Structures are given as C-alpha cells and as structure tokens.
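Number of protein chains: 2
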Amino acid sequence: MKITKINHIGIAVTSIDEALKIYTDVLGLKVQSMEVVPEQKVRTAIIPVGESKIELLESTDPEGTIAKFIEKQGEGIHHMALEVDDVQAALGVLTGKGMALIDQKPRKGVENTQIAFLHPKGTRRVLLELVES
Amino acid sequence: MKITKINHIGIAVTSIDEALKIYTDVLGLKVQSMEVVPEQKVRTAIIPVGESKIELLESTDPEGTIAKFIEKQGEGIHHMALEVDDVQAALGVLTGKGMALIDQKPRKGVENTQIAFLHPKGTRRVLLELVES
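First to last, the sequence lines map onto chains A and B.
Going by this note's numbering, the first sequence opens with residue 15, and the numbers climb by one from there.
Going by this note's numbering, the second sequence opens with residue 15, and the numbers climb by one from there.
(1) Is the beta carbon of A130/B less than 8 Å from the beta carbon of L141/B?
(2) How should T145/B be labelled, buried or exposed, when 16 other C-beta atoms within 10 angstroms of its C-beta is the threshold for buried?
(3) Quick one: complete beta strand (DSSP E) runs, 3+ long, within the stretch 32 to 63 of chain A?
(4) Hey, does S66/A have any beta-carbon neighbour from chain B nearer than 8 Å?
(5) Would R139/B count as contacting chain A if we go by Cβ distances under 8 Å?
(6) How many Å lie between I25/A and I61/A at the Cα?
(7) Pick helix, strand or coil for Q87/B, following the three-state DSSP scheme.
(8) Give, in chain order, every unbroken run of the alpha helix (DSSP H) that is at least 4 residues long and sits entirely within the stretch 77 to 134 of chain B.
(9) Is it true that the stretch 95 to 107 of chain B meets the stretch 41 to 51 of chain B, where meeting means three or more beta-carbon pairs spaced less than 8 Å apart?
(10) What residues in the stretch 79 to 100 of chain A have a beta carbon less than 9 Å from any beta carbon of chain B?
(11) Measuring CA to CA, which of D100/A, H93/A, S73/A and K122/A is closest to L132/A?
(12) Sort out for me which residues DSSP pairs K19/B with in a bridge.
(13) Which same chain residues, not among the five before or five after S29/B, have their C-beta less than 7 Å away from its C-beta?
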C-alpha cells in the first residue's frame, strides 16, 4: 500500500454558503466544483489547495453522518483523506494488519473516486478515508 | 495573500510512540524528524505525505494546549496548517478583513518556520494555522 498525498481534508459545516465566505472571500481560495453525493447524504464544495483539496461537507439529511457529527461535537474538521493507488488492495493489507474498517469494500466518492473509511477506533480517533482517483 | 498548499495536518495524541505504530507500521509512512518545541509545549513527529505532512503532537506539559485539547475532546485532528509566502503580510490582510487572531504576529514553529494561528471563532471552529517555510 502506497500513500501518495493528502487527497483532501473534510470539514463538516452547517452551511456551505456561510463557510465559503471564509475560504473564498477571506482566504482567497477558489471553489472547483459543488456536488451532491446522495449515498453519503452530503452536499460538498471542493476547494483545491496545492495538490490537495478542502472538502466542505453539508448534510442533506438530519439523519446523515455529517448532521450527526455536528449534533455531537459541532462544526469542524471531520476527516483526513489519503490517496492510494488501489483502495481495494489497501483494504486487504489493512485487514491483514488487524485494522477495523467502516467500509469493507470501496464505494463511490465525489468526482468519480473510489473511497473507503477506516474505523476511528483503530486510528486513535482520527477518521481516515482512503481515496483512489 | 496566497495560499500555496496544505503545509500539514496537526494531530493531537497522548503518545507519539503509540500513534506512530498506525502511521508507520500500518500505513507505511516514514518519520522525517522528531522535535520538541518548548514554546508550544509539544513534542512532534513530522511525517511527509506528498507535498504535505502529518504532524503528530504530544504534550510535554499537562497545562499545554495539546494536553487541554485532549482533556476536553480526546485525541484527534487538532488543526490544519496552510502555507503562505508571508505570514506577517497575511495577518495584516486577515485583520483588515475582520478576522480574529490567536497570534497577532508570527512566532517560531517546527523546522524553522514562521507560524500564526487564527482564532477558531472566525473559522467555524476549524483551527487554522498559517505557515511560512
């Protein structure tokens, strides 16, 4: 398993429109795209920063993961996504090393990526996502 | 103010030695350096990932910022650091835009960088650091 870069940092927000004022108006970054991911019950704004991205995440459903996260601990950094060349293979390696997974197999992420989340109980409470572009 | 990349992601841990098992043994990343930053009351491990780094932060003092963070909400992602060419100039721009700052002027970070933290009350609870390499 080879990790090549930080693909993105996911940030949970109650309102993408409000959050964008910080990232664009104040910090001067640009939005690359906006996308709704029904499977994840989120609306996202993708903001490139060097080779990485900031991914703002707004829940589209009060029962969604992001809504629950904000309800529990407020807005803030939600996860870190690491890019790998092959998510399926990486999950095999991690399982072999005894890591707990949220996703046993890759699923579809934004921008046609394949993604999988590791369980934070094995990563000292850091929610890690693997991304294959 | 031009943000060029994510300089690093800071992760608060109770034990760098324990956390490194995840990042090196499991994920296959390599430690570039370890450093104590007395001004910040932390011991750090720097782990390069592409053009960015993961910075593990272990408190050297029960009264330090990282110790307080962990006491309040447990281990996890602590901050996101964005690289700029001139921290001093960036702070001037941000102040002009009404942003609250933790550091009114740049101070010394790891690896001889100049850094400054913005106040999370202005960034929807994301602790943002600016770094000039």
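For every residue, glycine included, the Cβ atom is placed at its ideal position computed from N, Cα and C.
Just so it is clear, the structure is predicted and the values come from calculations on it, not from any experiment.
Walking through what the data contain:
(1) No, they are not a contact pair.
(2) The amino acid occupying residue 145/B in the given sequence is Val; Thr does not appear at that position. Buried: at least 16 other Cβ atoms inside 10 Å.
(3) 47 to 51 and 56 to 63
(4) yes
(5) yes
(6) 11 Å
(7) helix
(8) 79 to 87 and 101 to 110
(9) Flag = no, the stretch 95 to 107 of chain B and the stretch 41 to 51 of chain B do not touch.
(10) Q87, G88, E89, G90, I91, H92, H93, M94, L96 and E97
(11) Ranked by Cα distance from L132/A, the first of D100/A, H93/A, S73/A and K122/A is H93/A.
(12) E97/B
(13) Closer than 7 Å at the Cβ level, and outside the excluded window around S29/B, lie E72.
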